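Heads up: the protein sequence lines correspond to chains A and B, in order. Last residue of the first sequence: 296 (numbering that gives the first Met the number 0), numbering continuous. Last residue of the second sequence: 296 (numbering that gives the first Met the number 0), numbering continuous. Just so you know, even glycine gets a beta-carbon here, dropped at the ideal spot from N, CA and C. Source: prediction; values computed, not measured. Written out below as structure tokens is the structure these notes cover.
Number of protein chains: 2
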Amino acid sequence: MFNTFRELQYYSYNRARNYFRDNYIQLVKLENFLSKQVFQLIQNYIIQIKEDYNEASYLYPFWQNYPPEERGRQPIGDQYPWIEVGEHSLGGKLYRLLSLSFNIRDIGLPAGSDIRVVLSSDKIYQITEGFTNSCWLFVDIKSVGPRDDWNHAVMSHNQISGSGRWDSLLSGITNDVIIACGKRSSHPFYCSIPPIYVLSDGTVVPVVIIILKPVYDMLSLEFDVSDGGQPLSRISCATVPNGLLLCERPNYLSEFPELFFPGKDDKTKNPRKKRCRVSFEILKQIEYWRFREILVS
Amino acid sequence: MFNTFRELQYYSYNRARNYFRDNYIQLVKLENFLSKQVFQLIQNYIIQIKEDYNEASYLYPFWQNYPPEERGRQPIGDQYPWIEVGEHSLGGKLYRLLSLSFNIRDIGLPAGSDIRVVLSSDKIYQITEGFTNSCWLFVDIKSVGPRDDWNHAVMSHNQISGSGRWDSLLSGITNDVIIACGKRSSHPFYCSIPPIYVLSDGTVVPVVIIILKPVYDMLSLEFDVSDGGQPLSRISCATVPNGLLLCERPNYLSEFPELFFPGKDDKTKNPRKKRCRVSFEILKQIEYWRFREILVS
DNA sequence: ATCGCCTAATAGGCGAT
DNA sequence: ATCGCCTAATAGGCGAT
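Below is the structure:
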């Protein structure tokens, strides 16, 4: 079955890729639209999200004897790994709330982001002027605490889409290598997600990548609090341009070569799997709506 | 905030724990009910699930140059890691479909299973004879292929609930150690999930643990197929008894000491974090409805 | 059938500069 | 601010017995 629809997909993919390279404005509009949708969902439900998130701290007596171990170089010892708190309190809601505005399919893929749903709606059909009614929304949830709260996110190669060349039937898609280009260092970044998928039924599915970054406080650091707790402080939302926008047209990477900069992996990591960082500051420069924040009162 | 509601939770927890130890039949009924619900959702949507699952194989041209690496001892080299295919094609649907029958909250926790949702409904209120209208459904999705398709699942300590003693206000909950007891070996298993949670608003939330095990075929192994592909073959559903049922009343573990048997970790693993295996055969003996299968046509 | 050897992929805290 | 050092937790393929 790996090749059952290959020929159909090959021609349809290249047709779609040409279409969206020519009409790249539609991709931008699609990203703008979904960025707004997701942002508004979170904003509308922020009270509930905050309550669910903060319950993790209130449930301390139930996990205090089995906390996740701290990790990394030299953990100070006053922090609890909080990854899953953000993933669940945000992720579950996204699955449900998106289904209010879109038809959803949970198409399988061996790798990709935390949450990935194929969305269909008339609005997408409108935006693409009838070319497709679907897109693949990739959402990654990147939690951080007060000591790691910089204006960027760390992305793995399975979380960023690339130029997506598919030159000959058997070759399959390949992305041009991106340079994670920093002030003091740089390294190649082998993003692995295509800019567009074509499903076995012919549906054309451009990829949209959104990062949600819940940031938590550590109450133990505040001078007037004796008790602990890691409540939600704010949520940043960032929309990373589709690989065609990055590498083809308008080729954002040529104007903003430092959009991606070196990640967190050390030199023992397989270079093809090294992560990069995405600058939120530069995303905002590309288009103001690519970066937004929701403060939690 | 770690201790804001501790006293309330302490008393309410022990009251609830006593209640469900005395009325353990209600816990069993609750598990039976949810087991049926989840099983029926999957059965009703199996065509869609299968389509979404199998699309991962059809999308091969899009990931063939960036496949997840095989892992473990001596990979043969003909298999693709398929973990995320099952997680997403099943998981996304569960989030949405459960919301048709239940009110859902995505309460945060630093650790636990893949999917965990606090469900509320009148039906739960009925089953518990008015004691609570909520439960915490923990669902773990455990994919395997044809070479690892045994009648069990491997569970980490964060995926099984225990006896849940909370003896003094400050101590927090602790589970009695379970013995993962096999034919040739055995080891302690330090399950870390309490049998019941009490939320900050006083809601009593007993835990229900369900395992979904999608099993895939490897077409490359079939003698009349030259192409590859890893389509869905069947889904097993297993319901693991709540820790109170296991360790207190009716104390299933005393009658079925081999329900949990040694897991997959090696001796370098922190003993407190070692996984165990759960026997599906024994689950079926405990109550027939604790193990069911859905064949994919 | 039992059970454990073995490694990829994810993630983000925090130190060194 | 930059960037990479560093490790927990999850997962299941498959070999040895």
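Residue i in three-state terms, based on DSSP
i      : result
B/A110 : coil
A/K141 : coil
A/N102 : strand
A/P261 : strand
A/L294 : strand
A/V370 : Residue 370 of chain A is absent from the structure shown; chain A starts at 0 and stops at 296.
A/W62  : helix
B/D147 : helix
A/I285 : helix
A/F4   : coil
When the options are compared against residue i, the one with the closest alpha-carbon
i      : options                        : result
A/W165 : A/T3, A/R16, A/F1              : A/R16
A/A237 : A/P193, A/S278, A/V27          : A/S278
B/C180 : B/I24, B/L252, B/I209, B/W81   : B/L252
A/L282 : A/K263, A/S235, A/S142         : A/S235
B/L243 : B/G71, B/Y18, B/Y287, B/K182   : B/Y18
B/R14  : B/P187, B/S133, B/E50, B/V197  : B/V197
B/P213 : B/R233, B/A55, B/Q63           : B/R233
A/I114 : A/V138, A/S88, A/Q284, A/F101  : A/V138
B/Y65  : A/G71, A/I75, A/R271           : A/R271
A/V153 : A/K92, A/I106, A/D226, A/F259  : A/F259
A/N157 : B/E68, B/I106, B/T202          : B/E68
B/N2   : A/I123, A/N43, A/Q229, A/D265  : A/Q229
B/K141 : B/E128, B/S155, B/G129         : B/S155
A/S297 : B/I123, B/Y94, B/E83           : Because chain A spans 0 through 296 in this model, residue 297 of chain A falls outside it and cannot be assessed.
B/R276 : B/G227, B/E292, B/I210         : B/I210
A/F38  : A/K92, A/E54, A/C246, A/Q125   : A/K92
A/I178 : A/L220, A/L231, A/L7, A/R274   : A/R274
B/W81  : B/S56, B/E6, B/N43             : B/S56
B/P194 : B/E247, B/R72, B/L231          : B/E247
B/E50  : B/K35, B/L29, B/R5, B/L231     : B/L231
B/T127 : B/Y23, B/S185, B/G71           : B/Y23
B/E83  : A/S119, A/F290, A/D200, A/D105 : A/D105
A/E30  : A/K268, A/P60, A/I123          : A/I123
A/N43  : A/Y59, A/V117, A/L97           : A/L97
Residue i vs residue j beta-carbon contact at 8 Å
i      : j      : result
A/V206 : A/N241 : yes
A/P145 : A/D216 : yes
B/D175 : B/S162 : yes
B/C224 : B/T131 : The sequence as given places Val at residue 224 of chain B; Cys does not occur at that position. It is not a contact, given that the beta carbons lie outside the stated cut-off.
B/S160 : B/C190 : yes
A/G301 : B/Y12  : Because chain A here runs from 0 to 296, residue 301 of chain A falls outside it and cannot be looked at.
A/L33  : A/L136 : yes
B/G71  : A/Q63  : no
A/M0   : B/D148 : no
A/L26  : A/G201 : no
B/S185 : B/P261 : yes
Residues sharing a beta bridge with residue i, DSSP
i      : result
A/N213 : The sequence given here places Pro at residue 213 of chain A; Asn does not occur at that position. A/P213 pairs with A/I234.
B/W135 : B/V117, B/V206
A/C275 : A/M154, A/P261
B/E254 : Per DSSP, none; premise fails for B/E254.
A/H87  : None, per the DSSP bridge assignment.
A/A179 : A/H186
A/T267 : BP columns for A/T267 are empty, so no partner.
B/S160 : B/I192
B/T173 : B/R164
A/V37  : According to DSSP, which records beta bridges pairwise, A/V37 is partnered with nothing at all.
A/V239 : A/I208
B/V197 : B/V203
Positions along the segment 208-235 of chain B whose CB lies within less than 7 Å of some CB in chain A: Listed by position, the residues of the segment 208-235 of chain B near chain A (Cβ gap below 7 Å) are L218, D226, G227, G228, P230.
Residues from the segment 51-84 of chain B in contact with chain A, defined by Cβ distance under 9 Å: Listed in chain order, the positions of the segment 51-84 of chain B with a beta carbon within less than 9 Å of a beta carbon of chain A are D51, Y52, N53, E54, A55, S56, Y57, L58, Y59, P60, F61, W62, Q63, N64, Y65, P66, P67, E68, Y79, P80, W81, I82, E83, V84.
Within 7 Å of chain A by C-beta, residues of the segment 186-202 of chain B in sequence order: S191, P193, Y196, L198, S199
Contact list for the segment 170-184 of chain B against chain A, Cβ threshold 9 Å: S170, G171, I172, T173, N174
Members of the segment 99-119 of chain A that neighbour chain B once the beta carbon cut-off is set at 9 Å: I103, R104, D105, I106, G107, L108, P109, A110, G111, I114, R115, V116, V117
Residues of the segment 131-164 of chain B whose Cβ lies closer than 8 Å to any Cβ of chain A, in chain order: H156, N157
Residues of the segment 6-26 of chain A with Cβ closer than 9 Å to any Cβ of chain B, in chain order: Q8, Y9, Y12
Chain-ordered residues of the segment 25-47 of chain A with a beta carbon less than 7 Å from chain B: none
Selection of the segment 251-281 of chain B by Cβ proximity to chain A, strictly under 8 Å: none
Near-chain B residues of the segment 85-99 of chain A (beta-carbon distance less than 7 Å), N- to C-terminal order: Taking 7 Å as the Cβ-Cβ cut-off against chain B, the residues of the segment 85-99 of chain A that qualify are H87, S88, G91, K92, Y94, R95, S98.
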